[in-house]
Structure formats: C-alpha cells, structure tokens
Amino acid sequence: AVITGGASGIGAATVAAFRAEGAEVAVLDLDPSGAEAVAKPLGAFAIGCDVTDSRAVEHAFSRIAETYGGIDIVVSNAGAAWQGRIGDVSDETLGRSFDLNFWAHHWVARAAVRVFRAQQTGGWLLFNVSKQPLNPGPEFGPYGIPKAATLALMRQYAVDYGRDGIRANAVNADRV
C-alpha cells in the first residue's frame with residue numbers, strides 16, 4: 322500500500338492501520354524525515370516525494386514497485402487547506418491549491434494505474450477528497466474547488482479503469 326501525505330494526520334493514521342493489518346506500506350511525504358519518523362517504528366518504507374512534481378511521483382512509484390514487486394493499494398491523501406473568499410484569493414494561492422489538491426491526485430493515480438495495468442492484477446485507488454465538494458464551508462473555496470475536481474477525477478478513473486479491475490473510491494473526511 323502506498324500512502325501519500327503519510328507523515329502526519331490522516332496519512333500517518335492510515336499507515337498505522339494498514340501496517341496493523343499486515344500490509345507492506347510505503348509512506349510518501351514532502352518531508353522525508355517526517356515520512357521516516359512514521360515509517361521506521363512500523364517497519365514501513367519511507368520516501369520523500371513532492372507529489373506536485375509528476376516526475377518525482379513516477380520515480381517514487383518505480384522505486385516502490387521495484388522494492389516490493391508491485392503495488393496493490395494507493396491512498397492519495399496529501400493535501401492542504403488554503404482559505405479565503407474565492408473572489409479575493411490570489412491566482413498564486415489558487416494555483417498552489419490546485420497543484421496539491423487536484424493535480425497531485427491525478428499524477429499519483431496515473432502512476433498507480435500504470436503499475437496496476439502492468440501487473441494485470443487490478444488495484445485500488447482511494448482519494449481523500451474531503452467533505453468540501455459536498456458541503457462547502459465559507460472561505461474554503463481555494464481548497465474545496467480543487468477537491469471537487471478530485472471527486473470528479475475519482476469517478477473518471479473508476480469509469481475508465483474499472484474494466485481493468487482497478488477500483489476507485491473517495492472518502493469525504495472532515496477536519497481532524
């Protein structure tokens with residue numbers, strides 16, 4: 322199992338839950354020392370990875386597949402909640418949020434699907450979408466709009482790759 326944003330919060334808890342069930346886990350996080358701090362006590366594999374960089378994502382997935390012989394589950398969890406009234410936020414803020422809260426999820430899913438299809442054993446994509454797409458809060462547009470796009474992304478991956486045995490789902494977690 323590959324968990325992005327695995328150095329803290331929901332990601333770290335997901336890493337621990339998968340390890341407790343006996344899964345081999347790769348912890349991806351922008352902070353390599355944070356990933357290592359979560360991974361090491363659990364016997365997991367840590368990789369520093371900027372998921373907003375598509376080449377870094379491809380490289381990380383190649384390393385994981387080489388290390389474990391494949392990948393079965395990907396939890397695309399990395400994200401951050403930029404805030405502000407949508408008409409007032411800067412283009413830079415909105416762009417950074419889309420990079421992490423939408424594009425990174427696509428690049429992670431794309432890399433996972435390449436591995437899943439090469440293995441011909443199916444796979445599972447789980448996106449942490451947040452409650453924002455379904456229940457937006459005031460001044461959370463910079464976060465919620467890319468997350469709404471990620472919900473649509475999850476649906477598209479399900480439609481396009483379900484016939485390959487690849488399942489795509491989302492969780493709509495609230496603040497933790």
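Taking the numbering used here, the leading residue of the sequence shown gets 322, the next gets one more, and so forth. A virtual CB, placed ideally from N, CA and C, is assigned to each residue, including glycine.
Item                                                                                                                                                                                      : Value
For D481, does the count of other Cβ atoms within 10 angstroms reach 16, so buried, or fall short, so exposed?                                                                            : exposed
Going by the CB atoms, is the gap between I466 and N398 shorter than 8 Å?                                                                                                                 : no
Once the 5 residues before and after G343 are set aside, which same chain residues still bring their CB inside 7 Å of it?                                                                 : none
Does R340 pass the burial test, meaning 16 or more other C-beta atoms within 10 Å, or should it be called exposed?                                                                        : buried
Helix or strand or just coil, what does DSSP make of L446?                                                                                                                                : strand
When burial is assigned at 16 or more other CB atoms within 10 Å of the CB, is P459 buried or exposed?                                                                                    : exposed
Is A401 a contact residue of the ligand ZN, with contact defined as CB to any heavy atom under 7 Å?                                                                                       : As for the ligand ZN, it is missing from this structure, which has no ligand bound.
Would you mind working out which of G416, A489, N493, G486 sits nearest A469, comparing C-alpha positions?                                                                                : N493
Quick check: the Cα distance between R384 and G391, rounded to an integer number of angstroms?                                                                                            : 10 Å
On a CA-only basis, which of V396, A381, E387 is nearest I331? Give me that one, please.                                                                                                  : V396
Could you tell me whether the region 354-364 touches the region 372-380, where touching means 3 or more Cβ pairs closer than 8 Å?                                                         : no
For a quick check, are the C-beta atoms of D393 and A322 less than 8 Å apart?                                                                                                             : yes
According to DSSP, is T373 helix, strand or coil?                                                                                                                                         : coil
Considering only residues of the same chain and omitting the five flanking positions on each side of W428, which have a CB-CB separation below 7 Å?                                       : V372, S375, V378
Across which residues does DSSP place F366 in a beta bridge pair?                                                                                                                         : A347
Identify, in the order they occur along the chain, each residue of the same chain with its Cβ nearer than 7 Å to the Cβ of P457, setting aside the five sequence neighbours on each side. : G465
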